[in-house]
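K.L.:
Position 273, counted from 1, in the sequence shown is what numbering that gives the first Met the number 0 calls 272; the numbers after and before it change by one each time, with no gaps.
Ideal placement from N, C-alpha and C gives every residue a C-beta, glycine not left out.
Only a predicted model underlies this, so the values are computations on that prediction, with no experimental measurement involved.
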Amino acid sequence: MKKHIVVIAGDGIGQEVTAVGKQVLDAVAQKYGHEFTYDTALIGHAAIEATGNPLPEETITKSKASDAILFGAVGHPKYDNDPSAKVRPEQGLLGIRKALGLYANLRPIKLFDELLGASSIRPEILKGADILFFRELTGDVYFGEKGRSDDRDTAYDTMIYSRYEVERIARKAFEAAMTRRRRLCSVDKANVLESSRLWREVVQAMAPEYPDVVVEHQFIDAAAMLLIKDPRRFDVVLTGNLFGDILTDEASQIAGSMGMLASASIGDTTGLYEPIHGSAHDITGKGVANPLASILSAALMLDISFGMKAEAEEVVSAVDAALKAGYRTRDIADADTPDDMILGTEAMGSQILTQLASVAENQVV
Ligand SMILES: NC(=O)c1ccc[n+]([C@@H]2O[C@H](COP(=O)([O-])OP(=O)(O)OC[C@H]3O[C@@H](n4cnc5c(N)ncnc54)[C@H](O)[C@@H]3O)[C@@H](O)[C@H]2O)c1
Ligand SMILES: CC(C)[C@H](C(=O)O)[C@@H](O)C(=O)O
Ligand SMILES: [Mg+2]
Numbered sequence: 000m001k002k003h004i005v006v007i008a009g010d011g012i013g014q015e016v017t018a019v020g021k022q023v024l025d026a027v028a029q030k031y032g033h034e035f036t037y038d039t040a041l042i043g044h045a046a047i048e049a050t051g052n053p054l055p056e057e058t059i060t061k062s063k064a065s066d067a068i069l070f071g072a073v074g075h076p077k078y079d080n081d082p083s084a085k086v087r088p089e090q091g092l093l094g095i096r097k098a099l100g101l102y103a104n105l106r107p108i109k110l111f112d113e114l115l116g117a118s119s120i121r122p123e124i125l126k127g128a129d130i131l132f133f134r135e136l137t138g139d140v141y142f143g144e145k146g147r148s149d150d151r152d153t154a155y156d157t158m159i160y161s162r163y164e165v166e167r168i169a170r171k172a173f174e175a176a177m178t179r180r181r182r183l184c185s186v187d188k189a190n191v192l193e194s195s196r197l198w199r200e201v202v203q204a205m206a207p208e209y210p211d212v213v214v215e216h217q218f219i220d221a222a223a224m225l226l227i228k229d230p231r232r233f234d235v236v237l238t239g240n241l242f243g244d245i246l247t248d249e250a251s252q253i254a255g256s257m258g259m260l261a262s263a264s265i266g267d268t269t270g271l272y273e274p275i276h277g278s279a280h281d282i283t284g285k286g287v288a289n290p291l292a293s294i295l296s297a298a299l300m301l302d303i304s305f306g307m308k309a310e311a312e313e314v315v316s317a318v319d320a321a322l323k324a325g326y327r328t329r330d331i332a333d334a335d336t337p338d339d340m341i342l343g344t345e346a347m348g349s350q351i352l353t354q355l356a357s358v359a360e361n362q363v364v
């Protein structure tokens, strides 16, 4: 199969982990006889430096013309510490999500058994946790009207959702629940927020269309608590943009690390695949970033955008095999991990390629 992929590595460790994600795609293509061609595009701080714009028009054009996008991260400390900056790297990411209509952000929380010890949550609570988040991605307080009063002493952001926006993401979540354990938890703040009351109303109205799905509603504060107290009670979680952003960083502790969580942003056009983590200034340039989130994002691309299920499963199996063999990056190592099994970004990438080669030999005839 021929596919054209745009690689938008962005900033910080985005560059480091995306290089490894791409190597994995190359290895899959070679093994299965696919032809993947690549282009690169700028975003975030890198794009501001080069063009003054966090999302150059060319990046949108290239992205729209591609079959899928492998994305890294955006962000730079210069802007994090300057609240008055008018142009910011993050505008690039929000802009591309909006420009491509990527309203559904799928964030699977998969705990590899080997990483039970890497989490600070007790293993007996965690074992078998498997959650799929549907985070709405192009609405909410992120995109509602925002501003300052004339004297600049008052600021506002508007949390806003339309029935249509809630319905289309909820439908995706219900459909996914039908293929999984048939439980859907919708998370909102309907005891306080009007936009959440609409959210709940829409989900309640759709529930009878899916009689086999057990639907529950939780408030965001309680959901944040339950996620850590009893992660296995969740199957599909449906929520808005801001709540989903926060809950999934929290959920990374179920999987062991931010460096383990992949995501797929999908909608009406080209899908974008990215780790949920950011540019991680604290470890940028040290060669220690965990590339597994990028690799697992590449696996989601193979599955969702290209329909290459076997290839995607093989990538996940290769990750599993590397972890079973005892290899760790620093973020997922525990006190028992021998020093020589703690790998840097590139070395972990090489391990996955090695595992992929052997897994593939067993499976491909
Ligand atoms: N999708 C994105 O592009 C995205 C997401 C979140 C944050 N950001 C941006 O990234 C910058 C840094 O934000 P932050 O520090 O709040 O969040 P972050 O996700 O970059 O990092 C949070 C913590 O997790 C660790 N971490 C993250 N990814 C890791 C990996 N692959 N391997 C090992 N450790 C990893 C970091 O070292 C850090 O301690 C900010 O400018 C922020 O706006 C971008
Ligand atoms: C960088 C930021 C705009 C982004 C978000 O809030 O969506 C990030 O935190 C994410 O989770 O992808
Ligand atoms: Mg986030």
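Among the residues of its own chain, which have a CB less than 7 Å from the CB of G266, if the five just before and after it don't count?
P.N.:
Translated into the one-based positions of the sequence shown, residue 266 becomes position 267. Around G266: L99, G100, L101, Y102, A103.
K.L.:
Have a look at T58 and Q90 and give me their C-alpha separation to the nearest angstrom.
P.N.:
As a first step, residue 58 must be located in the sequence shown, where it is residue number 59. As a first step, residue 90 must be located in the sequence shown, where it is residue number 91. Using only the alpha carbons, I get a separation of about 13 Å.
K.L.:
Hey, quick one: how far does the alpha helix (DSSP H) through D25 stretch, first residue to last?
P.N.:
Locating residue 25 in the sequence shown gives position 26, counting from the first residue. Where D25 is concerned, the enclosing alpha helix (DSSP H) stretches over 12 to 31.
K.L.:
Does the beta-carbon distance from A8 to T269 come in below 8 Å?
P.N.:
Along the sequence shown, one-based indexing puts residue 8 at 9. Along the sequence shown, one-based indexing puts residue 269 at 270. Contact flag unset, no.
K.L.:
Please classify S118 as buried or exposed, where buried requires at least 16 other C-beta atoms within 10 Å of its C-beta.
P.N.:
Residue numbering aside, residue 118 sits at position 119 when the sequence shown is read from its first letter. With 16 or more Cβ atoms within 10 Å of its Cβ, S118 is classed as buried.
K.L.:
From I95 to L271, what does the alpha carbon distance come to, in whole angstroms?
P.N.:
By 1-based counting over the sequence shown, the position of residue 95 is 96. By 1-based counting over the sequence shown, the position of residue 271 is 272. In a straight line, the C-alpha of I95 is about 9 Å away from that of L271.
K.L.:
Closest to I275 by C-alpha separation, out of L69, K308, G325, would be which residue?
P.N.:
In the sequence shown, the residue the question calls residue 275 occupies position 276. The shortest Cα separation from I275 among L69, K308, G325 belongs to L69.
K.L.:
Under the rule that 16 or more other beta-carbon atoms within 10 Å means buried, what is T17, buried or exposed?
P.N.:
As a first step, residue 17 must be located in the sequence shown, where it is residue number 18. Counting Cβ neighbours within 10 Å, T17 comes out buried, since at least 16 surround it.
K.L.:
Would you say the beta carbon of I275 comes nearer than 7 Å to a heavy atom of ligand 3?
P.N.:
As a first step, residue 275 must be located in the sequence shown, where it is residue number 276. Yes, since a heavy atom of ligand 3 falls inside the 7 Å radius drawn around the Cβ of I275.
K.L.:
How many angstroms separate the CA atom of Y37 from the CA atom of T60?
P.N.:
In the sequence shown, the residue the question calls residue 37 occupies position 38. In the sequence shown, the residue the question calls residue 60 occupies position 61. The straight-line gap from Cα to Cα measures roughly 14 Å.
K.L.:
Select from P55, A45, K97 the residue whose C-alpha is nearest the C-alpha of Y78.
P.N.:
In the sequence shown, counting from the first residue as 1, residue 78 sits at position 79. Nearest to Y78 by C-alpha distance, out of P55, A45, K97, is A45.
K.L.:
Who are the near neighbours of I12 in its chain, counting only those whose CB is closer than 7 Å to its CB and skipping five residues on each side?
P.N.:
To locate residue 12, count along the sequence shown from 1; it is residue 13. Hits under 7 Å: A72, S278, A279, I282, T283, A288.
K.L.:
Quickly, what does DSSP pair T336 with across the bridge? List them, please.
P.N.:
If you number the sequence shown from 1, residue 336 lands on position 337. Its beta-bridge partners do not exist; DSSP assigns none.
K.L.:
Taking 7 Å as the cut-off, is the CB of D25 close to at least one heavy atom of ligand 3?
P.N.:
Taking the first residue of the sequence shown as 1, we reach residue 25 at position 26. False, no ligand heavy atom lies under 7 Å from that Cβ.
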